[in-house]
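**Q** Be aware that the sequence shown starts at -17, since it is given in our numbering, and climbs by one per residue.
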Amino acid sequence: MKTDIKPSEIINNDLKIITDKVLAGERLSFEDGVQLYKSNNLILLGKLASHVRRQKAKAGTENFVWWNTNLHLNPTNVCIGKCNFCAFAKRPNEEGAYTMSIDEATQKAVNGHKLGATEVHIVGGLNPKAALNYYTDLLRSIKKEVPQLHIKAFTAVEIAFFSKFAKTSNKQTIEILRSAGLDSMPGGGAEVFAKSVRDETCPDKIPAEEWLSIHQAAHELGLRSNATMLAGIGETEEDRLEHYLLLRDAQDKTNGFQTFIPLSCHYEDTDIIAQVEPITGMDQIKNIAISRLMLDNFDHIKAYWIQLGYKIAQVALHFGADDIDGTVVDEKITNSAGSGQKGTQAEILENLIKRAGFEPKERDTFYNML
Ligand code: V47
């Protein structure tokens, strides 16, 4: 049969070299990443990323997709930082500003646990009235009521903020929080590491070096953490690659990161809405696949369905993601920016994973099967 498909169009020489490297288990370079972003060959990207995902899985778990039963808890939305992509933060006296009492926040965690949550993900605004002591009280209070609930809490940005007020080093702050009940740290606040993007979008946030050094300190203290990148805030593909390489170098040093989560900006009620080209489905799928390929020392890539929506999250499982996050009860940050994805139920996640051709497996925070 006659065909117009030419092999050289399916896989040009650059992609052939990258394919050989991936199949040989060799580390990809920044330049390789540039070629991968330039290419629209999603079929090849999916095959390469899926290959790496299978290689990374423990024997017998290659077809697993992980999910967990979790809730989000945002004890305060008061924030003195100004990030132009954020629709969650409020000024102290602004309408809608809130700070929960310790009892109120504890009760939310307890209720989540009653509904089956094994993990609570706690992050909040930079609120001078809810700094280190507030959070040590909260951690102790939650641990007293539900000792078995895993507390994954505080972005590196919050850690730096608490340290400034308590006049402690970042490492001391993490130690204090750990003694009060902190079990691991989430990956938020990384945004895009490039200084030009940070200056434009989140000038008050700590620079990349400090974000990385805080995670390094946490790893040295024996805590595991995650890492994120928030795409769709005016960054270039080169900025995304620089971000991956900084994380890859950091992971070479400590091996304390568990999961990378490529986040996607939502724009409703944000100041960034008129300033950038919104993120596309192509960007989302490429970020999943290319991060899987570049971050060769991360065990897991998460397709965060709250931001991707069910449909793209499901497709992302064929592009290197092996985790879909969890039931995510009470998510507020992305919902404030119009994601419209409220928490979900186990059956819905399991069905979504099954219908993508994978085996759903409930996990705890450390990827032990439940
Ligand atoms: O740090 C802020 C981002 C992050 C918007 O570690 C926005 O397992 C989209 O870090 N549109 C918080 N994103 C979420 C986060 C996270 C989520 C799920 C799992 C884990 C994990 C971490 O959300 C913030 C910021 O990067 N964000 N505003 C917005 N308008």
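Each residue gets a CB set at the ideal place from its N, CA and C atoms; glycine is no exception.
When you compare only the Cα positions, how much space is there between Lys(-16) and Arg206?
**A** Computed Cα separation, rounded: 55 Å.
**Q** Any heavy atom of the ligand V47 closer than 7 Å to the CB of Phe353?
**A** In the structure displayed, the chain extends from -17 to 352; residue 353 sits before or after that span and is not available.
**Q** Using DSSP with H/G/I as helix, E/B as strand and the rest coil, what is Asp85?
**A** Asp85 falls in the helix class under three-state DSSP.
**Q** What are the boundary residues of the beta strand (DSSP E) that includes His54?
**A** Residues Asn52 to Leu55.
**Q** Using alpha carbons as the reference points, say which of Gly94, Lys(-2) and Leu299 lies closest to Ile124.
**A** Among Gly94, Lys(-2) and Leu299, the Cα nearest to that of Ile124 is on Gly94.
**Q** Mind the definition here: the region 3 to 18 touches the region 262 to 277 only if three or more C-beta pairs lie below 8 Å; say whether that holds.
**A** With the cut-off at 8 Å, the region 3 to 18 and the region 262 to 277 touch.
**Q** Can you say whether Met276 is buried or exposed, counting buried as having 16 or more other CB atoms within 10 angstroms of its CB?
**A** Looking at its Cβ environment, which holds 16 or more other Cβ atoms inside 10 Å, Met276 is buried.
**Q** Going by beta carbon distance, what residues of the same chain come within less than 6 Å of Gly106, once the five residues before and after it are set aside?
**A** If we look at Gly106 and ignore the five residues flanking it on each side, its Cβ neighbours are Asn56, Pro57 and Thr58.
**Q** To the nearest whole angstrom, what separates the beta carbons of Trp49 and Gly302, a pair I think is in contact under 8 Å?
**A** The pair is not a contact, with the Cβ atoms about 16 Å apart (cut-off 8 Å).
**Q** Hey, how far is the Cα of Lys360 from the Cα of Glu313?
**A** Within the shown structure, residues of the chain are numbered from -17 to 352, placing residue 360 beyond reach of any answer.
**Q** If you draw a straight line from the alpha carbon of Pro342 to that of Leu299, how long is it in whole angstroms?
**A** Answer to the nearest angstrom: the Cα atoms are 11 Å apart.
**Q** Given 7 Å as the limit, tell me if Thr316 has its C-beta closer than that to any heavy atom belonging to the ligand V47.
**A** Checking every heavy atom of the ligand V47 against the Cβ of Thr316, one is found closer than 7 Å.
**Q** Is Ala213 near the ligand V47 - that is, is its Cβ less than 7 Å away from at least one heavy atom of it?
**A** No, the Cβ of Ala213 stays beyond 7 Å of every heavy atom of the ligand V47.
**Q** For Phe431, does the three-state DSSP call read helix, strand or coil?
**A** Since the first residue shown for the chain is -17 and the last is 352, residue 431 is missing from the structure and cannot be characterised.
**Q** To the nearest angstrom, how far is it from the Cα of Thr88 to the Cα of Glu127?
**A** C-alpha separation (whole angstroms): 8 Å.
**Q** Which of the three DSSP states, helix, strand or coil, is assigned to Ile215?
**A** Reduced to three states, the DSSP call for Ile215 is coil.
**Q** In terms of residue numbering, what span does the beta strand (DSSP E) encompassing His132 cover?
**A** Note, His132: beta strand (DSSP E), His132 to Ala135.
**Q** Under 8 Å by Cβ, that's how I've got Leu120 and Leu164 pegged, so tell me the actual separation to the nearest angstrom.
**A** That belief does not hold up - the Cβ atoms of Leu120 and Leu164 are roughly 10 Å apart, past 8 Å.
**Q** On the premise that Ile133 lies in contact with Val102, defined as a C-beta separation below 8 Å, what is that separation, rounded to the nearest angstrom?
**A** With a Cβ gap of about 6 Å, Val102 and Ile133 count as contacting.
**Q** Could you tell me the distance, in whole angstroms, from the CA atom of Ile283 to the CA atom of Phe144?
**A** About 29 Å.
**Q** Would you please state the rounded distance, in angstroms, between the beta carbons of Ser321 and Gln296? I believe it to be under 8 Å.
**A** Not quite, the Cβ-Cβ distance comes to about 16 Å (not below 8 Å), so this is no contact.
**Q** Can you tell me whether DSSP reads Ala209 as helix, strand or coil?
**A** Here Ala209 sits in strand by DSSP.
**Q** Assuming Lys268 contacts Leu27 under a Cβ cut-off of 8 Å, what Cβ separation, rounded to an integer in Å, is found between them?
**A** So it is a contact: roughly 7 Å between Cβ atoms.
**Q** Do you know whose CA, among Ala213, Ala148, Asp181 and Lys146, lies nearest Gly170's CA?
**A** Comparing Cα-Cα distances from Gly170 to each of Ala213, Ala148, Asp181 and Lys146, the minimum goes to Ala213.
**Q** Note the first and the last residue of the continuous alpha helix (DSSP H) segment covering Lys(-2).
**A** Asn(-5) to Leu5 is the span of the alpha helix (DSSP H), which, as asked, contains Lys(-2).
**Q** Return the bridge partner residues of Leu245 from the DSSP annotation.
**A** According to DSSP, Leu245 bridges with Leu212.
**Q** Can you give the beta carbon distance from Ile196 to Ala138, rounded, assuming they're within the 8 Å contact cut?
**A** Going by Cβ atoms, the distance from Ile196 to Ala138 rounds to 4 Å, so yes, they are a contact pair.
**Q** Kindly indicate the opening and closing residues of the beta strand (DSSP E) around Glu344.
**A** Counting along the chain, the beta strand (DSSP E) containing Glu344 begins and ends at Glu341 to Glu344.
**Q** Note down, in chain order, each residue of its chain lying with its Cβ closer than 8 Å to the Cβ of Tyr116, except the 5 sequence neighbours on either side.
**A** Within the same chain, Tyr116 has close Cβ partners Pro57 and Ile84.
**Q** Using three-state DSSP, classify Lys(-16) as helix, strand or coil.
**A** Three-state DSSP puts Lys(-16) in coil, outside helix and strand.
**Q** Quick test of your reading: Ile158 and Thr118, contact by CB under 8 Å. State the CB separation rounded to the nearest angstrom.
**A** Indeed they touch by this definition, with Cβ atoms about 6 Å apart.
**Q** Can you have a look at Thr100 and say buried or exposed, based on whether 16 or more other CB atoms are within 10 angstroms of its CB?
**A** The residue is buried, with at least 16 neighbouring Cβ atoms inside 10 Å.
**Q** Determine the closest residue to Phe136 out of Cys65, Arg180, Pro189 and Asn208, with distance taken between C-alpha atoms.
**A** Measuring from the Cα of Phe136, the nearest candidate turns out to be Asn208.
**Q** Given the structure, does Leu245 come close to the ligand V47, in the sense that its CB is under 7 Å from one of the ligand's heavy atoms?
**A** Answer for Leu245: yes, Cβ within range of the ligand V47.
**Q** Cβ of Pro168 within 7 Å of any heavy atom in the ligand V47?
**A** Correct: Pro168 has its Cβ closer than 7 Å to the ligand V47.
**Q** Is it right to say Ala190 is buried, meaning 16 or more other beta carbons lie within 10 angstroms of its own, or is it exposed?
**A** When all chains shown are included, Ala190 counts as buried.
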